[in-house]
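Q:
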Amino acid sequence: MIKNIVFDLGGVLVGLNRDACIKAFSNIGFPGFDKILNEYVQGGFFLDYEKGMITTEEFRDIIRGYIEPEIREGITDSQINQAMGSFLDRIPEYKLDLILSLKKSYRIFMLSNTNPIAMDVVRPYFERDGLLLEDYFEKLYLSFEMMLAKPDPRIFKALIFDSGVKSEETLFIDDSPSNIASAADLNFKTLLFSPEQNLYDEIKKVL
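The numbering used here numbers the first residue of the sequence shown as 71 and each following residue consecutively.
(1) Based on Cα-Cα distance, which residue from L158, L172 and R130 lies nearest to T146?
(2) Where are the alpha helix (DSSP H) runs, 4 residues long or more, that stay fully inside the segment 99-140, in chain order?
(3) Just verifying my parser: in three-state terms, what is the DSSP assignment at S233?
(4) Compute the Euclidean distance between the alpha carbons of P223 and E140, then round it to the nearest angstrom.
(5) Could you give the distance in angstroms between the alpha-carbon of Y176 and the alpha-carbon of P162?
(6) Mapping the DSSP letters down to three states, classify D271 as helix, strand or coil.
(7) Which whole-angstrom value is the C-beta distance of T34 and S213, which I expect to be below 8 Å?
(8) Using alpha carbons as the reference points, say which of Y206, S264, G122 and I273 lies closest to G85.
(9) Decide if G102 is buried, meaning its Cβ has at least 16 other Cβ atoms within 10 Å, or exposed.
(10) From G80 to E138, what distance separates their C-alpha atoms?
(11) Spatial neighbours of F207 within its chain, please: C-beta separation below 7 Å, excluding the five flanking residues on both sides.
(12) Could you tell me whether the segment 251-259 touches the segment 217-232, using the rule of 3 or more Cβ pairs below 8 Å?
Shown next, in the form of structure tokens:
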């Protein structure tokens, strides 16, 4: 019996717009950002940022290092934040309603590979009717705070240890096949979600 549900953020709750992000970085002088941005697992300095190994300031400085010298000093923190934020679409209202409905019967968590800039962008997406992001979930497990990233099995084990859930009683929802495989190896029930699907319908099939 499923007693707990763990949601991924980007690609499951928040839509991902890779093309818009690549265009936004190109507009501020970084045309090669497509070689860094991955839909599922980031690499290099981007992964270091999502694992909390570098600060936001260090991340922005690295970004500026890829921008042509004659314009890089004029690129503001806000411009970099906005370019990062363009990767993240707003959350459909039905998904927010779904989480609140499920919370009445299940323990609800978030487990996300993410970073401080992204979280600043998405927090307002959850704010309605006096609710904040934290009101939708029992706890947020964020890669940059845990210094671990999916699909590393250690991040799932850390969630199990901290929350006290049993993996066999927990549904993990993610859009990455490798993350799903890692969770399944630890006996999580899993749901591989695709953006064209309706989250309510797909969860209903499993519960």
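C-beta atoms are modelled at their ideal positions from N, C-alpha and C, and glycine is treated no differently.
A: Here's the rundown:
(1) Working through the sequence shown from its first residue, we reach residue 146 at position 76. Of L158, L172 and R130, the residue nearest in Cα terms is R130.
(2) 114-120 and 126-135
(3) On the sequence shown, position 163 is the one that residue 233 refers to. Three-state DSSP puts S233 in a helix.
(4) Position 153 of the sequence shown holds residue 223. Position 70 of the sequence shown holds residue 140. So the two alpha carbons sit approximately 44 Å from each other.
(5) What you label residue 176 is simply residue 106 of the sequence shown in a count that begins at 1. What you label residue 162 is simply residue 92 of the sequence shown in a count that begins at 1. Approximately 21 Å, taken between the alpha carbons.
(6) Your numbering for residue 271 matches position 201 in the sequence shown. Helix at D271.
(7) No information on residue 34 is available, as it lies outside the stretch 71 to 277 that the chain covers here.
(8) As a first step, residue 85 must be located in the sequence shown, where it is residue number 15. That would be S264, whose Cα lies nearest to the Cα of G85.
(9) Stepping through the sequence shown from its first residue, residue 102 is reached at position 32. So G102 counts as exposed.
(10) Reading the sequence shown from its first residue, position 10 is the one you call residue 80. Reading the sequence shown from its first residue, position 68 is the one you call residue 138. Approximately 30 Å between the Cα atoms of the pair.
(11) Numbered from its first residue, the sequence shown carries residue 207 at position 137. I178, F179 and M180, listed in sequence order.
(12) Verdict: yes, contact present.
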